[in-house]
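Engineer: The sequence shown maps to residues 3 to 466 in the working numbering.
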Amino acid sequence: MSDIRIATPEDQILLEKEAKYCSYGDTVHYIEPPRIFSRCEGSYVWDTSDQAYLDLQMWYSAVNFGYSNPRLNNALKQQIDTLPQIASQYLHKGKIELSERIAVDAKNKFGLDGRVHFNVGGSQSIEDSLKVVRNATNGKSLMFAFEGGYHGRTLGASSITSSYRYRRRYGHFGERANFIPFPYHFRGPKGMTKEEYGSHCVQQFARLFETEYNGVWDPKVGQSEYAAFYVEPIQGTGGYVIPPMNFYSELKHVLDQHGILMVVDEIQMGFWRTGKLWSIEHFDVKPDVIVFGKALTNGLNPLGGIWAREELINPKIFPPGSTHSTFASNPLGTAVGLEMFKMTSEIDYGAMVMEKGKYFLAGLQDLQKRYPIIGDVDGLGLALRCEICGPDGFTPDKATLDYMVEEGMKGDIEIDGKRLGLILDVGGYYKNVITLAPSLEISYAEIDLGIALLDRLLHRAMKR
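Shown next as structure tokens:
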């Protein structure tokens, strides 16, 4: 138990009720006692005693455009007064126009015709993508995925998520993915540049197809046993690991040679987190399927989905009823999604995110120079990482990061005479990485404040 205070007597009553009536199966009880929040705006949330916390993880990158974004909130309010609900087997304007927006964008960027299929969230959309892939490959059910990869916690998504702890209690997963090493350069072999290591990882993967006895390829008929490779262009829960820029183009070449689809999971990195609509755009490849969710609606009415190439999802191959969700393509979600696209098209949103990301990364690099426990910092746009290590700057130190997270939740860091809290998210293979996903609307002053708060936490950690 930490010494995080319980804010009010009412909180104590609520926590007693929560302990009796609420499942602990979600992610609330990583810090004890859980904090209870009452309002949010911009980059901040407030607890029930009106203590402010700067949030540098924004609901796992679901609230890319800031809490209570007025423009997106108003789009939701206006939709509530016109067409708030409609069964998913019926059409409405928002579904059609949002599908068009995504599909036309993909055509312009990748030169591929495709269609959009909606569901209510990331894991559910991963499930739909598995159906699309299995259907298009004549029922092949085996997938490749990455070590460190995370695609959700439904049964199908768990089978392609590398962490065994998400599967352990639920029986045998006979079709668990074949997990391939990701080019995590900081923890890779020494003596290679980042690009050399990326090529090395691709070459090791390509070895699987050299002979039938490596278990995935029949050279006599030119067929792989595997249907698709599920990739997060930048690993999310795995610690915001950013691969070499040459990696995906070389990997896609191997996949195309062997008839294996590339399914790109943009659930956490999509919608401008990295300075582009899709993070895969940085890597000069054409995906076969894109899965999205989270920030499409800025964390308001849940909506996710997939874009897939026409050959994989046209009505002849993927007919009506292939999947279904009562709340898929809901009009509240599509209204917010459309407004998000309009909002981000009115300025050079990508350039803005890249400039802020460069500024934030420079602040992290300055901290790294002053604190030897920071082993690695990196970033692409406003997807940033800060890896906490032992005094040698390399040995993973989960305990120190856990301490920093709890200290941030106390709400007692003093900056310029004000008490603040700091909300951080923990990721990485060893749970020693601060995964930073601030609001894309964050101000430069708030970035400075975030660096100052991290400085205070690092100072406490070094002194303890």
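All C-beta atoms in this analysis are idealised placements derived from N, C-alpha and C, irrespective of residue type, glycine included.
Taking all protein chains shown into account, decide if G423 is buried (16 or more other Cβ within 10 angstroms of its Cβ) or exposed.
Structural biologist: Classification of G423: buried, given that the 10 Å Cβ count is 16 or more.
Engineer: Between the Cα of T239 and those of I315, G217, D267, spot the shortest distance and give me the residue it belongs to.
Structural biologist: Among I315, G217, D267, the Cα nearest to that of T239 is on D267.
Engineer: What's the C-alpha gap between K252 and Y228?
Structural biologist: A small correction: the amino acid at residue 252 is Glu; Lys does not occupy that position in the sequence shown. Rounded to whole angstroms, E252 to Y228 spans 18 Å at the Cα level.
Engineer: Of the residues E43, W219, Q205, which one's Cα is nearest the Cα of E443?
Structural biologist: For E443, the nearest C-alpha among the options comes from E43.
Engineer: If we count the other Cβ atoms within 10 Å of its Cβ and call it buried at 16 or more, is V233 buried or exposed?
Structural biologist: It is buried - the Cβ of V233 has at least 16 other Cβ atoms within 10 Å.
Engineer: Work out the CA separation of G141 and F112 for me, nearest whole Å.
Structural biologist: Those two C-alpha atoms are separated by around 27 Å.
Engineer: Closest to P72 by C-alpha separation, out of L302, Q225, H255, G241, would be which residue?
Structural biologist: Nearest option by C-alpha distance: L302.
Engineer: Say whether the stretch 367–384 touches the stretch 394–410, bearing in mind that this needs 3 or more beta-carbon pairs closer than 8 Å, one atom from each stretch.
Structural biologist: Because the criterion of three Cβ pairs below 8 Å is met, the stretch 367–384 and the stretch 394–410 touch.
Engineer: Which residues in the same chain have their Cβ closer than 6 Å to the Cβ of G190, if we skip the five residues on either side of it in sequence?
Structural biologist: Same-chain partners within the cutoff: Y199.
Engineer: CA-CA distance, M3 and I417?
Structural biologist: With a pLDDT of 40 at M3, under the threshold of 50, the modelled position of this residue cannot be trusted, and the question is left open.
Engineer: What residue range does the alpha helix (DSSP H) around V355 cover?
Structural biologist: Counting along the chain, the alpha helix (DSSP H) containing V355 begins and ends at 351–372.
Engineer: For V293, does the count of other Cβ atoms within 10 angstroms reach 16, so buried, or fall short, so exposed?
Structural biologist: By the 10 Å Cβ count, V293 comes out buried.
Engineer: So is Q59 buried or exposed if we call it buried at 16+ other beta carbons inside 10 Å?
Structural biologist: That one is buried.
Engineer: Per DSSP, which one or two residues make a beta bridge with L442?
Structural biologist: Looking at the DSSP assignment, L442 forms no beta bridge with any residue, so it has no partner.
Engineer: Smallest Cα separation from F146: which of G217, G193, K196, F188?
Structural biologist: The candidate whose alpha carbon is nearest that of F146 is G217.
Engineer: Count the other CB atoms, across all protein chains shown, that sit within 10 Å of the CB of K95; report buried if there are 16 or more and exposed otherwise.
Structural biologist: With fewer than 16 other Cβ atoms within 10 Å, it is exposed.
Engineer: Please give the ranges of any alpha helix (DSSP H) in the stretch 143–228, keeping only runs that are unbroken, at least 4 residues long and fully inside the region.
Structural biologist: Correct list: 157–161, 196–208.
Engineer: State yes or no: is the C-beta of L78 within less than 8 Å of the C-beta of A337?
Structural biologist: For L78 and A337, yes; Cβs fall inside 8 Å.
Engineer: What do you get for M467, buried or exposed, if any count of 16 or more other CB atoms within 10 angstroms of its CB means buried?
Structural biologist: Residue numbering for the chain in the displayed model covers 3 to 466; residue 467 lies beyond these limits and cannot be assessed.
Engineer: For D130, count the other beta carbons within 10 Å of its own beta carbon; 16 or more makes it buried, fewer makes it exposed. Which is it?
Structural biologist: Per the 10 Å Cβ criterion, buried.
Engineer: Taking the CB atoms as reference points, tell me whether S63 and R275 lie closer together than 8 Å.
Structural biologist: It is a contact, given that the beta carbons lie within the stated cut-off.
Engineer: Check this for me: beta carbons of L369 and D457, under 8 Å apart or not?
Structural biologist: Taking 8 Å as the Cβ cut-off, L369 and D457 qualify as a contacting pair.
Engineer: Give me the Cα-Cα distance between H461 and I415, rounded to the nearest whole angstrom.
Structural biologist: Whole-angstrom Cα-Cα distance: 11 Å.
Engineer: Which complete beta strand (DSSP E) runs does the stretch 226–283 hold, if anything under 3 residues is left out?
Structural biologist: Those beta strand (DSSP E) runs which fall completely within the stretch 226–283 and span 3+ residues are 228–233, 263–267.
Engineer: Measure the CB-CB distance between I269 and G295 and report whether it falls below 8 Å.
Structural biologist: In this structure, G295 lies closer than 8 Å to I269 by Cβ.
Engineer: Please report the residue range of the beta strand (DSSP E) in which P23 lies.
Structural biologist: Pro is not the amino acid found at residue 23; the sequence shown has Tyr there. Unbroken run through Y23 is the alpha helix (DSSP H), 11–23; no beta strand (DSSP E).
Engineer: Within 10 angstroms of its Cβ, does D115 collect 16 or more other Cβ (buried), or is it exposed?
Structural biologist: When all chains shown are included, D115 counts as exposed.
Engineer: To the nearest angstrom, report how far apart L157 and F120 are at their CA atoms.
Structural biologist: Roughly 19 Å separates the two Cα atoms.
Engineer: What ranges does the beta strand (DSSP E) occupy inside the stretch 60–135, keeping only unbroken runs of at least 3 residues that lie completely in it?
Structural biologist: Counting whole runs of 3 or more residues, the stretch 60–135 contains the beta strand (DSSP E) stretches 116–121.
Engineer: Taking C-alpha atoms, which residue in V256, V65, R37, N66 lies nearest to D52?
Structural biologist: For D52, the nearest C-alpha among the options comes from R37.
Engineer: May I have the straight-line CA-CA distance separating I282 from Y23, to the nearest angstrom?
Structural biologist: Distance between the alpha carbons of I282 and Y23: 42 Å.
Engineer: Please name the residue, chosen from M271, P221, K420, that lies closest to A439 on a Cα-to-Cα basis.
Structural biologist: For the residues M271, P221, K420, the minimum Cα distance to A439 belongs to M271.
Engineer: Taking 8 Å as the cut-off, decide whether the C-beta atoms of S324 and V122 are in contact.
Structural biologist: No, Cβ-Cβ distance for S324 and V122 is not below 8 Å.
Engineer: Please list the terminal residues of the continuous beta strand (DSSP E) segment that includes S40.
Structural biologist: Run containing S40: 39–43, per the beta strand (DSSP E) assignment.
Engineer: Name the residue from Y446, L279, N300, N137 whose alpha carbon lies nearest to the alpha carbon of N75.
Structural biologist: Ranking the options by Cα distance to N75, first place goes to N300.
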